Each structure stands twice: as C-alpha cells, then as structure tokens.
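Structure first, commentary second.
Numbering (my numbering), first residue to last: 112 to 719.
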C-alpha cells in the first residue's frame, strides 16, 4: 500500500541516515565502495558491446574496484594531483567507469560530452587546464579519436592523450590494468574530513558546439546525490539496473552508476551508445527479460519511443522501477509507456548538473502525484522566488522560480565570473518555474527561459505541448517562441510522429486550438517534422527549434515584401550572443532587408 505523504518520522529517519552517510563517506569513492566491500565476488557490471551481444563482458566488484585503484595509481604516475584535471571522452563502458572514479580519487575527473565539436573540446580542455585526455582508438563510431587528432598544440596544459578501447577490457594505451587489492584498505575507509569539500569531478552543463559552463562538484555533493537516489529508487543488493545515460551527465554518473555501486546493484550497460542506439529501443523488452532487470530509467523522449514497442511474449515481471528525468515527463507519454509496460508508475527525478544529480524524487513507497516531480531529498532546502520575495515555507507556495541549498549544491563554475549570477542570497537558482503543494510535492511549470512572451503575456509552453500529445499519432511535442513584428513572439508548435503514422498539420492545429482555452497561448504555426532534435541524453533541444521558427518567420516577412528571392536568411544560436539572424543580400537590397527584419526582437547580422 503506497503512502500518500511522508510522516515526520519518515523524514527524520531519512535525514538521520543521510547525515550518517555524509559523515562516514568524505569521498565519493568511500560511498561507491560500500556495495563491493559487502560482496566482492558479485557482478558489478554486465557490459553489452552492442544491445544484442551474445556474450557480454562481466566485471566483478573486486575486479572493478581493483582497476579503479590501478587507474588512480596510473594517473598519479602521470603527475596528476588534487588540482589537476583528467578529461575523459569515452562512451559508457567499464573502462570509463574505472577512469572517472580513479581520476576523482587523486585529482579531478572531467567527463566530456561525446557530441562536442573539436572546437568545444579544445575550449573545455583549456578551461580546466586538463593534464590528460582519455579517448577511444581511431575508427570507432562517432569519430571521437578523429576530433582530437593533433589538438595538443592547441591545449598547452595537455601532457598526454591516453587511448582506451571500448571492448570491455580496462586498459590504457594497450596495457591492461592489473586490479590492485589495496582498494579494500583505501576505499570506503577514509577519515580525511577535508576531502568532503574537495572538487573531484567537473561536468559541462550543456550544449555541444559552444562553450558550456563547467560545474565543479565536491565529494560531499556527489555523496549526497548518490545516497538520495539510492534511497528514492530503492536500489538493493542483487538488483540489476540498466544504465543507458552517458557518464558526462549526472543522471548516468550519480543517479545511476554511483547509487547502484553503493547499494550492491549490478549495472547493465546495453551498449556504449546507450539509448541513442536504435537497436536498444527495438530490443528493449527482450533485454529486460534476458538480464532480469529491476530498474530501467530513461528520459521522457525515450519512454515515448519505448511505448511504441510491443512487449509481446517477453517476461518483464522483474522490472520494478522506471525512473525518468532530464526534463519533465508529459502525462500523455507517461500514460502510453505505462500502458505498454504494465507497471504501476513512472518515478520522476528532478535535478541539474550543478546539484550533482537530483534534489527531488518520487520516492519508493510514496504514491506519485500527477505532474509532480516528487518531494525533496533529505537535507535539501527549497524556496520559491517571486519578484524580490523569497518563500521558504510553510507550503503551499505561490508560483515562482525554484531555489535550493544544502549539501548537494556545487561551489561554482570553473569560470568564477559565471558563478555570481547562479546564486541569490546563498540559494542556488534553478531557472525553473514551479510551485510546491501543502504536502511538499514539487510541480515544475517550465523553464524561465522557455516561457513564451506574447505582447507581454507569459505563456507556459507545456500547456501547448500537453494538448498536442493528446492527438493520435503524435510522439513528441515542443512549443517555442516564433519572432513576430507585432507581438514580439508568438507560440509555434513542433511535433514528431509515432512510427509509420501520418499527422495532418491542419487537423492537429484545429485539435490544439480547441484544447487551449487561453487565446494568446494558441500556436500561430504548427509544423510536423521528421525527427525532433534532441540533446545527447535525449532531451528535446529547443534552441534548434527556435532557430527553425526564427528563420521561417524571417523568410515569410521578406516574402511579403517581395524580397524572398534576393535575400537569404540563416538563424544561428551563439553561446555568448544568443539567437541572431544572419542575412546575405546584394547591396541594393541589404538595407531594406535589415530594416524590415529589425521589427523582430532578434539581433541581425549582415554578412559582408
């Protein structure tokens, strides 16, 4: 029987447990080692080199932890100290896990976004003054090795590029790491309390082509995150959890790998590409059956794709928990997924890079509330900022920006100039608009930057998206602001369809207009696109949609004035400048085009 809310005694017990874990585990390695120390012979990782791998690589707890210790020794021999960064450009595999934790033990691990351009990789390495870079050998999918060829000339701090295979072995530059049994004496038994405040991991916060912020994460923050997720998602000794999110994301690294290892839960990696591999989606339920998985978390876009894959005769009775995060799961996608799975609920997880993971969860044993992201983690404090007013309870709260503080909060970005704007009176600003109900359940209404402002009227894109997802055949939906000469911006709706389904844009538009009672929120334009742009972890990538919307609006305005054949327009998003329109036109048309497009609240750049 699920509880409707936590009792004060339940909350007190969880907070006591968290304090004890933080005191006992000054390093993330001390927490991670707890599961392996309890059962060294048990499986730590089952690594499928592809989703249908007939003979996966199985790594025991003792072997994995011994290799982490060996990796630490390797890095120390390369001169890596506490303030030195080891950049890791590897997909999820046993060697990547060993490298990240080994680097965090002696220095700073920086897993890199696998979709970074070469320019972004160089910018990241220079930002953290990386001493080493780990990358796969040439010829691997994604061209990772090719991206970094010869870049040492552009990164003065980089002393060595270490080649790491993706075949399941744990080896650096062709030398297989010999497991070091000293891990049993070192990990899990630290008494150095100063390690808690040491930055041991740095993660990029988003984006793939520009210069994302780099979040500095302390051991204390990572321990608090992993313990919270272990509690909430009910990881147990002997469980088997699919980890398909990349390790440069807090969901994969802390909500997944860190929490699982600390609990004695076996990690099952369904291929180095994770959920980006279409073969995983197609064979998802077979993998659940074959490996008797108890946990299989995915982002909402992936859940939407899985909802279209019939379970058939697969025995998936082992599957107990489906966490979802990275973005809010629309009710219609959750309904469709649950109808396919047959399970009781999807457990929402809410957090961000700057928090080393999640600050709220749908906790096991607690009845989820529709459209909520659950209740706060132990020792987490929440506040709502409305104008200049800071509301810290009692709840319910007004709608405003969610702020937080507690052991999970990061100390700042690698670029200290970026840190000041991240905080308000000591509270971390999440940038998410939300409300908190009387029982402490948190409801995310949307991103502050995603709010569409039509003539001064604030529009929540989720209302449009949720309406569209109710139309037959729609798989994913995203609403963004489209530049408008009169209103500043108006809503534009993008949808992608379920496999093999045709959706008529006019019928969809009529359906959505009828569902949305607020006239300003009704989308001015509806576009059915072949594929929804997503980030490396599967979150809908709205900057790309804003580019499409801006370019389309600009071309329509030019066409209305007879300039469409003479002027070309490209919408571009730059990390430092934001969205702008680059126009190219002959001299006699350029001035007129520029004057016309200046009616939009978008920067204009004339190409010479």
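The beta carbon of each residue, even a glycine, is placed where N, CA and C say it ideally should be.
Just so it is clear, the structure is predicted and the values come from calculations on it, not from any experiment.
Residue j beta carbon less than 8 Å from that of residue i
i	j	result
residue 639	residue 610	no
residue 225	residue 200	yes
residue 714	residue 691	yes
residue 592	residue 546	no
residue 328	residue 313	yes
residue 444	residue 414	yes
residue 183	residue 213	yes
residue 268	residue 472	no
residue 660	residue 678	no
residue 290	residue 204	no
residue 223	residue 232	yes
residue 600	residue 565	yes
residue 387	residue 278	no
residue 539	residue 465	yes
residue 695	residue 672	no
residue 344	residue 475	yes
Range covered by the alpha helix (DSSP H) that runs through residue i
i	result
residue 208	205-217
residue 185	172-188
residue 141	139-143
residue 74	Residue coverage of the chain in this structure runs from 112 to 719, which leaves residue 74 outside it and unanswerable.
residue 578	572-580
residue 121	119-135
residue 402	395-402
residue 372	370-374
residue 662	653-671
residue 232	229-239
residue 328	No alpha helix (DSSP H) contains residue 328, which is instead part of the beta strand (DSSP E) from 325-329.
residue 700	698-708
residue 714	Segment 714-717 is the beta strand (DSSP E) holding residue 714; no alpha helix (DSSP H) there.
8 Å contact criterion, which residue i and residue j should meet: CB distance rounded
i	j	result
residue 725	residue 243	Since the first residue of the chain shown is 112 and the last is 719, residue 725 is not available in this structure.
residue 202	residue 315	At roughly 16 Å, the Cβ-Cβ gap does not stay under 8 Å, so residue 202 and residue 315 are not in contact.
residue 241	residue 197	7 Å
residue 139	residue 215	6 Å
residue 437	residue 648	5 Å
residue 420	residue 392	6 Å
residue 536	residue 501	7 Å
residue 390	residue 347	That pair is no contact at about 29 Å.
residue 299	residue 141	5 Å
residue 246	residue 275	7 Å
residue 376	residue 352	5 Å
residue 575	residue 602	6 Å
DSSP three-state assignment for residue i, whether helix, strand or coil
i	result
residue 558	strand
residue 191	coil
residue 415	helix
residue 286	strand
residue 362	helix
residue 264	helix
residue 455	coil
residue 152	coil
residue 291	coil
residue 407	strand
residue 342	helix
residue 643	coil
residue 114	strand
8 Å Cβ cutoff, residue i in contact with chain B
i	result
residue 423	Of the chains in the structure shown, none is chain B; there is only one protein chain.
Run of the beta strand (DSSP E) containing residue i, from where it starts to where it stops
i	result
residue 638	636-639
residue 538	538-547
residue 623	No beta strand (DSSP E) contains residue 623, which is instead part of the alpha helix (DSSP H) from 616-626.
residue 593	585-595
residue 52	In this structure the chain extends from 112 to 719, so residue 52 is not present and cannot be described.
residue 258	Run containing residue 258: none in the beta strand (DSSP E); it sits in the alpha helix (DSSP H), 255-258.
residue 380	377-380
residue 689	689-695
residue 609	Taken as a continuous stretch (DSSP letters only), residue 609 belongs to no beta strand (DSSP E), as it is neither H nor E.
residue 315	310-315
residue 353	351-353
Checklist entry - Per the contact definition of three or more C-beta pairs closer than 8 Å, is the segment 544-564 in contact with the segment 504-520? => result They touch, by the three-pair rule.
Next on the checklist: Across the segment 359-370 and the segment 492-505, are there enough close Cβ pairs to call them in contact, namely three or more that are closer than 8 Å?
Outcome noted: Taking a cut-off of 8 Å for Cβ pairs, the segment 359-370 and the segment 492-505 do not touch, as fewer than three such pairs fall below it.
Next on the checklist: Would the segment 392-412 count as touching the segment 171-182 if we require 3 or more Cβ pairs under 8 Å?
Outcome noted: Using a Cβ-Cβ distance cut-off of 8 Å, the segment 392-412 and the segment 171-182 are not in contact, since fewer than three pairs of beta carbons, one from each stretch, lie closer than that value.
Item to check | Cβ contact check for the segment 445-456 and the segment 368-375: 3 or more pairs under 8 Å | outcome: Result no; under three Cβ-Cβ pairs closer than 8 Å.
Checklist entry - Pairing CB atoms from the segment 531-548 with CB atoms from the segment 497-509, are three or more of them under 8 Å? => result Yes: at least three Cβ pairs fall under 8 Å.
Item to check | Cβ contact check for the segment 615-631 and the segment 579-598: 3 or more pairs under 8 Å | outcome: Three or more pairs of CB atoms, one per stretch, sit closer than 8 Å, so the segment 615-631 contacts the segment 579-598.
Item to check | At least 3 beta-carbon pairs within less than 8 Å: the segment 477-488 vs the segment 455-463 | outcome: Three or more pairs of CB atoms, one per stretch, sit closer than 8 Å, so the segment 477-488 contacts the segment 455-463.
Next on the checklist: Quick check: the segment 130-139 against the segment 330-338, are at least 3 beta-carbon pairs closer than 8 Å?
Outcome noted: Three or more Cβ pairs drawn from the segment 330-338 and the segment 130-139 lie within less than 8 Å of each other, which places the two stretches in contact.
Checklist entry - Are there three or more Cβ pairs, one per stretch, closer than 8 Å when the segment 291-307 is compared with the segment 419-438? => result The answer is no - the segment 419-438 does not touch the segment 291-307, with fewer than three Cβ pairs under 8 Å.
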